[in-house]
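Participant: Attaching a single structure in structure tokens format; questions to follow.
There are 2 protein chains.
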Amino acid sequence: MTTRPGPRERLLDAARELTYSQGVQVGVDAILKQADVARRSLYQHFGGKDGLVAEVLRSDGGLDRYRQVMNEAGDDPRERVLAVFDELDAITSQPAFRGCRYTAAELTLTDPAHPAHAEVRAFKEGLHRLMAAELTRHGHPAPDAGADQLLVLIDGVLAHAVTRPGARPALAARALAEAVLAASK
Amino acid sequence: MTTRPGPRERLLDAARELTYSQGVQVGVDAILKQADVARRSLYQHFGGKDGLVAEVLRSDGGLDRYRQVMNEAGDDPRERVLAVFDELDAITSQPAFRGCRYTAAELTLTDPAHPAHAEVRAFKEGLHRLMAAELTRHGHPAPDAGADQLLVLIDGVLAHAVTRPGARPALAARALAEAVLAASK
DNA sequence: AATTAGATAGACCGATTGATCTACTGTCAA
DNA sequence: TTGACAGTAGATCAATCGGTCTATCTAATT
Numbered sequence: 081m082t083t084r085p086g087p088r089e090r091l092l093d094a095a096r097e098l099t100y101s102q103g104v105q106v107g108v109d110a111i112l113k114q115a116d117v118a119r120r121s122l123y124q125h126f127g128g129k130d131g132l133v134a135e136v137l138r139s140d141g142g143l144d145r146y147r148q149v150m151n152e153a154g155d156d157p158r159e160r161v162l163a164v165f166d167e168l169d170a171i172t173s174q175p176a177f178r179g180c181r182y183t184a185a186e187l188t189l190t191d192p193a194h195p196a197h198a199e200v201r202a203f204k205e206g207l208h209r210l211m212a213a214e215l216t217r218h219g220h221p222a223p224d225a226g227a228d229q230l231l232v233l234i235d236g237v238l239a240h241a242v243t244r245p246g247a248r249p250a251l252a253a254r255a256l257a258e259a260v261l262a263a264s265k
Numbered sequence: 081m082t083t084r085p086g087p088r089e090r091l092l093d094a095a096r097e098l099t100y101s102q103g104v105q106v107g108v109d110a111i112l113k114q115a116d117v118a119r120r121s122l123y124q125h126f127g128g129k130d131g132l133v134a135e136v137l138r139s140d141g142g143l144d145r146y147r148q149v150m151n152e153a154g155d156d157p158r159e160r161v162l163a164v165f166d167e168l169d170a171i172t173s174q175p176a177f178r179g180c181r182y183t184a185a186e187l188t189l190t191d192p193a194h195p196a197h198a199e200v201r202a203f204k205e206g207l208h209r210l211m212a213a214e215l216t217r218h219g220h221p222a223p224d225a226g227a228d229q230l231l232v233l234i235d236g237v238l239a240h241a242v243t244r245p246g247a248r249p250a251l252a253a254r255a256l257a258e259a260v261l262a263a264s265k
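Residue numbers (my numbering), protein chains in the order written: chain A, 81 to 265; chain B, 81 to 265.
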């Protein structure tokens, strides 16, 4: 039989799911209930709700998913970048799609002192490095600026898909990503 | 001496400011205090907090601001579209910038029944029509698809600027907007 | 002058929030 | 056997939430 994970993992799993489907405003009680964990364990492991939310973002592995999608697309930088937008089209078409978890956290948590903000920034910086590396391999004359453009496109797709469900923004963005790639020599 | 606006206007002004600076999670009490209005007036005029929030979005005049920026740029559709991104660069560079109020509302308010969602959608649709009209005048072969691209860029700029303050995403997006315009015959 | 509608002030409500606390249980190692 | 420790269960806390209520005041209408 499968041993179920410890309280810490169960808390992270429950929080990851509920803070996405219901937003970070979800109550601690709901998380505790779904995790089937004692109240005290939460404060023992994460210090409080804020710490739990931050750890959810930190341990989310969002960057790994981007890497995986690109790796499955092969070696060609161009194909690897475009594969990201194909994947975005699939993600944003799912009924359970509720936007980018990082952007949502950033916009929802107004308090600048919230530990989640640092995690959001770290994620975006990591994604920027990821994209810049691809553009460098592709011979792009300004990989940093190009990565900025790709990030705008990615964030734009994830933000826009929430408000206009039928728009398929990833397809629109994919064509612009090709324009970014076309800047290479 | 200037007669101060009625309770309804004061409520809208206070709510517009506070829901932006502190998010829609801001308490009713804070809005009432800043508006210097009796509690009852809020429920008399708007039925509740949800109604007030929705009316803030509806009466925000965000579309008018886009129109004004484009009108100030003259008649040429190309200049009018690019002026939008110049303006976005200015807006996102302000210290008080806290993201797109509509996107934030959409991501924060999880309840699908919240009346704000309809206002968000109406705004984005209006913006889409605005951009499509410019592309049509510019001779774009597919104004609707082109407007989709411009909206992704706009949403991307507003979303990305929140998480990476120094990135100047509007400048990156402006170059891509030129690519959209270049599709015209 | 009488009536009426809108606004104000503020008490009050039940529900929920995040967090702390005590008491108890099970496990493993010394 | 003892002790340490992590986890559980649940009472409890103060604060805050959105919303309803009564009572009073004011200004325009009739």
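We put the beta carbon where it would ideally sit given N, CA and C, even for glycine.
If we count the other Cβ atoms within 10 Å of its Cβ and call it buried at 16 or more, is T83 of chain A buried or exposed?
Facilitator: With fewer than 16 other Cβ atoms within 10 Å, it is exposed.
Participant: Of the residues that make up the region 191-213 of chain B, which ones have a beta carbon closer than 7 Å to any beta carbon in chain A?
Facilitator: Of all residues in the region 191-213 of chain B, those with a C-beta nearer than 7 Å to a C-beta of chain A are V200, R201, K204, reading in chain order.
Participant: Could you tell me whether any Cβ in chain A is nearer than 8 Å to the Cβ of G236 of chain B?
Facilitator: yes
Participant: Counting only beta-carbon separations shorter than 8 Å, does R54 of chain B have a partner in chain A?
Facilitator: Residue 54 of chain B falls outside the range modelled here, since chain B spans only 81 to 265, and no answer is possible.
Participant: Would you kindly work out how many angstroms separate the C-alpha atoms of A196 of chain A and V149 of chain A, rounded to a whole number?
Facilitator: 25 Å
Participant: Looking only at C-alpha atoms, which of B:D235, B:D191, B:L98, B:H194 sits nearest to H208 of chain B?
Facilitator: B:D235
Participant: Rounded C-beta distance between V232 of chain B and L187 of chain A? I'm assuming under 8 Å.
Facilitator: With 8 Å as the limit, V232 of chain B and L187 of chain A do not qualify as a contact, their Cβ atoms being about 18 Å apart.
Participant: Rounded to a whole number of angstroms, what is the C-alpha to C-alpha distance between L215 of chain A and P223 of chain A?
Facilitator: 5 Å
Participant: Kindly confirm or deny that the region 121-141 of chain B and the region 158-174 of chain B touch, where touching means at least three C-beta pairs closer than 8 Å.
Facilitator: Flag = no, the region 121-141 of chain B and the region 158-174 of chain B do not touch.
Participant: Starting from the beta carbon of E186 of chain B, find every residue of chain A whose beta carbon is closer than 8 Å, and list them in chain order.
Facilitator: Within chain A, the residues near E186 of chain B are G179, V242, T243.
Participant: Hey, out of B:V117, B:Q229, B:F177, B:K113, whose CA is closest to G246 of chain B's CA?
Facilitator: B:F177
Participant: Tell me the DSSP secondary structure of P85 of chain B in three-state form.
Facilitator: coil
Participant: Exposed or buried, which one is P85 of chain A when buried takes at least 16 other CB atoms within 10 Å?
Facilitator: exposed
Participant: So, are the CB atoms of L132 of chain B and C180 of chain B less than 8 Å apart?
Facilitator: no
Participant: With a threshold of 8 Å between beta-carbons, can P223 of chain B be considered close to chain A, or not?
Facilitator: no
Participant: Spatial neighbours of P249 of chain B within its chain, please: C-beta separation below 8 Å, excluding the five flanking residues on both sides.
Facilitator: T172, G236, V237, H240, A241
Participant: Should A65 of chain A go down as buried or exposed, given a rule of 16 or more other Cβ atoms within 10 Å for buried?
Facilitator: Missing from the structure shown is residue 65 of chain A; chain A here goes from 81 to 265 and no further.
Participant: Nearest to R90 of chain A by CA position, among A:L256, A:V106, A:R138, A:I111, is which residue?
Facilitator: A:I111
Participant: Using a Cβ-Cβ cut-off of 6 Å (strictly less than) and excluding sequence neighbours within five positions of D144 of chain A, which residues of its own chain qualify?
Facilitator: none
Participant: Over the uninterrupted alpha helix (DSSP H) stretch that includes S173 of chain A, give me the two end residues.
Facilitator: 157-173
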